[in-house]
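Participant:
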Amino acid sequence: MSPRTLVVALLAAALALAGLVLPASSAPAVAAPVQTLEWTAGDSTDHYLSAPTTAVAGETKILFKNTEALGSTMSHTLTFDTETPGYNHDVTLNIVANPYDEQNGEHEATVTLTPGKYRFHCTIQGHTKMMGEFVVTDGGGNPDTTPPTVTANVTGTKDTAGNYVGSATVNLAATDSQSGVDKVEYQLDGGAWTAYSAPVVVNAVGSHMVHYKATDKAGNVSPEGMSSFSVVAGQPGDKTPPTVTSEVTGTKDGAGNYLDTATVKVTATDADSGVDKVEYKVDEGAWTAYTAPVAVSAPGMHMVHYRASDKAGNVSPEGMAHFTVVSSDTTAPTVTSEVTGTKDAAGNYVGKATVTLTATDAGSGVGKVEYKLDGGPWLTYSAPLALTVVGAHTVNYKATDKAGNVSAEGTATFTIVEGDDSTAPVVSVVVSGDLDGSWSYIEDATINLTATDTGSGVDKIEYKLDGGAWTVYTAPVKVTALGTHTLTYRASDKAGNVSAEQGGAFTIVAAPPGPDACPDSDVRDTVFVGTADSQVENRDTGNGCTINDVIDDESDYSSNDQFVTYVRAVTQELLDGEVISSDERNLIVTAAIDSGIGGPAVEPEPQKKPETKNPGMKKTVKTPIRDV
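Under mature numbering (1 follows the signal peptide of the UniProt record, and there is no 0), the letters of the sequence shown match residues -31 to -1, 1 to 597, in that order.
1. Restricting to runs no shorter than 3 residues, where is the beta strand (DSSP E) found entirely within the stretch 85 to 136?
2. Just confirm the distance between the C-beta atoms of Ile93 and Leu62, as a whole number of angstroms; I'd bet it's less than 8 Å.
3. Taking Gln504 as part of the beta strand (DSSP E), name the residues at either end of that continuous run.
4. State buried or exposed for Glu52, treating a residue as buried only when at least 16 other CB atoms are found within 10 Å of its CB.
5. Given a threshold of 16 other Cβ atoms within 10 Å of its Cβ, counted over all protein chains shown, does Asp107 qualify as buried or as exposed?
6. Could you tell me the distance, in whole angstroms, from the CA atom of Lys312 to the CA atom of Thr305?
7. Taking only the alpha-carbon atoms, compute the straight-line gap between residue 608 and Gly95 and give it to the nearest angstrom.
8. With three or more beta-carbon pairs closer than 8 Å as the criterion, would you say the stretch 313 to 328 touches the stretch 371 to 386?
9. Count the other CB atoms, across all protein chains shown, that sit within 10 Å of the CB of Ala474; report buried if there are 16 or more and exposed otherwise.
10. Helix, strand or coil for Tyr181, going by three-state DSSP, please let me know.
11. To which residues of the same chain is Ser409 closer than 6 Å at the C-beta, ignoring the five residues directly before and after it?
12. With a Cβ-Cβ cutoff of 9 Å, do Asn507 and Asp494 count as a contact?
13. Tell me whether His90 is buried or exposed, calling it buried when 16 or more other Cβ atoms sit within 10 Å of its Cβ.
14. Of all the options Ser564, Asn35, Leu141 and Ser376, which has the alpha carbon lying nearest to the alpha carbon of Asn73?
15. Residues in the same chain with beta-carbon distance under 8 Å from Thr29, minus the five sequence neighbours each way, listed in chain order, please.
16. Taking the beta strand (DSSP E) that Glu307 belongs to, which residues open and close that run?
17. Report the partner residues of Leu556 according to the DSSP bridge assignment.
18. Here's the rule: buried if 16 or more other CB atoms are within 10 angstroms of the residue's CB, otherwise exposed. What is Met99?
19. What residue range is occupied by the uninterrupted beta strand (DSSP E) comprising Glu248?
20. Report yes if the CB atom of Ser41 is closer than 9 Å to the CB atom of Gly85, and no otherwise.
21. Per DSSP, which one or two residues make a beta bridge with Tyr526?
22. Among Asn140, Ala372 and Ile416, whose alpha-carbon lies nearest the alpha-carbon of Pro445?
23. The beta strand (DSSP E) with Asn35 in it runs from where to where?
24. Report buried or exposed for Pro(-9), applying the criterion of at least 16 other Cβ atoms within 10 angstroms of its Cβ.
25. Please go through the same chain and pick out, in chain order, the residues whose beta-carbon is closer than 7 Å to the beta-carbon of Asp158, but skip the five residues on each side of it.
26. Need the endpoints of the alpha helix (DSSP H) that Val519 sits in, please.
27. Taking buried to mean at least 16 other C-beta atoms within 10 Å of its own C-beta, is Gly149 buried or exposed?
Below is the structure:
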């Protein structure tokens, strides 16, 4: 059988198992190729060199290139935004690429895209202007324009007139077959729109109306739905609280204590309006809704309090179950020691010895490990002990499990002698980051410390910043505070030799302002839409453009409705960016309606020509990285 025939046979078998058959054809079916999208980055912190703007839903290969060949000398990330409203949040992608990493800055990943819009950006500090978005169609080239479907279901106990007795519960459900549901909202009795996350219980007596809507990930909003219902008071005359009891079960020892676990079951009854809820709390904890028997396994004495409420609001007296839980574990932990280091011919440790303690317990588990050095006090063990003091030493140790069982005391004895190494390590520093023309670091600087020792070897590197405490160096240190900083550093070897302290200073400054996107701005005091004054302050939107600049009221529109729709979209973006408030947005939209733009021609009133700004020239200077 040829490879081609074998592929057809395997595909036919798979489809047959799924209840399908291959169409009659002389050629085998070929799987659709995986879509590939490519991003590139260079030596810029404010934009990607290239990025896609459209894609098709489905499995997709992501390529991110940040290489020397593209001019890059720094790290960048390709990160998909999973928080900003209005975008798809179903893909988690965070690729970090550096032209000098193991893959020379070329990385790839495979994801599955769904119809809608995605936002991408670089998360490295100082690179936040590197961002963009792309639209994913459903495969036929058409974006999702169909709103979700949302339904409501009201449940509860009804009387003969159809009113809900005591309370009604509103359940909302939404579906969307394309980009997917993003959020569901409801409004009760004309109140504020609220995000729906769980069934809504309405117990206020009277008539009620619940409005609801849903939004999909492509931004389409469903038509507003509405359900109306009435709630009436519960059964009158019920003044009797529920009856509530408890039962504690589990395996007991001879003293009546529960071994390992005690389970508390609470039962409540009410012959009138019926039980509404049962609650409990363990010891001094918070009251919690009771839904299933409560298992208590912590060793010690316990009190479980409980109570019940009926649908008429009567609450039972508080009950209490008292019991003690003990552990069935009677076996102590096992603890061992290991002493490591460089030995001489006599078995003494040269310059340094490290003591490592290990404890295990198959029952309740290890609670703590302790040690004492040379007859000193017992101390909690948390990490291997590195000892450098010359002479004979004794380390005693023990372990305790969570049931309180204590191991037999162990002992480790050893001797440390002086080594031949009398030369301190050599330590150096490199401070890196983006520099301005004054050799100051822009927004942040990263401290990289290295040390070498040809004798006993480097034991640790330490540093202190701005006169602070000595800190062990384990990884590059990023400094973001603006101003001048002082750095002091040193290194120690395993023979105890410490290098001379060295240091230097560097300065961090804020990033220079970006270019003015609208150098010839409309700087009238308030926002005008055509000739209509909205009375909203004409403030800067954050990039040098005013609100008047971003509202294009000079293009041709086929109708005023079309223009108002456009203004609604622009002001929504300004509202999302916290440039304007909701009330200010309404004023601007009202002005768009009053302007008549897109409708019959209106003779404009003469307007004073707006003044223009002279933002001046902005210059960015790139300089090589300077070491301290």
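Here a beta-carbon is modelled for each residue, glycine too, at the ideal position from N, C-alpha and C.
Facilitator: Walking through what the data contain:
1. 85 to 90, 100 to 106 and 118 to 124
2. Not confirmed; about 15 Å, so no contact.
3. According to the DSSP assignment, Gln504 belongs to the beta strand (DSSP E) that extends over Ala501 to Glu506.
4. exposed
5. Buried, because 16 or more other Cβ atoms sit within 10 Å of the Cβ of Asp107.
6. If I take the Cα positions, the gap works out to 21 Å.
7. The shown model of the chain, from -31 to 597, leaves out residue 608, and the question about it has no answer.
8. Flag = yes, the stretch 313 to 328 and the stretch 371 to 386 touch.
9. Under this definition Ala474 is an exposed residue.
10. For Tyr181, the three-state secondary structure derived from DSSP is strand.
11. Thr476 and Val478
12. Taking 9 Å as the Cβ cut-off, Asn507 and Asp494 qualify as a contacting pair.
13. His90 should be labelled buried.
14. Asn35
15. Val3, Gln4, Thr5, Leu6, Thr79, Val80, Thr81 and Leu82
16. Thr303 to Thr309
17. Looking at the DSSP assignment, Leu556 forms no beta bridge with any residue, so it has no partner.
18. buried
19. Val244 to Val251
20. It is not a contact, given that the beta carbons lie outside the stated cut-off.
21. Paired residues: none, contrary to the question.
22. Ile416
23. That residue, Asn35, is in no beta strand (DSSP E); it is neither H nor E in DSSP.
24. For Pro(-9), the pLDDT reaches just 39, beneath the cut-off of 50, and the residue's location in the model is therefore unreliable, although a value from the coordinates is still provided. Flag for Pro(-9) reads exposed.
25. Around Asp158: His177 and Met178.
26. Ile516 to Val519
27. Buried is the call here.
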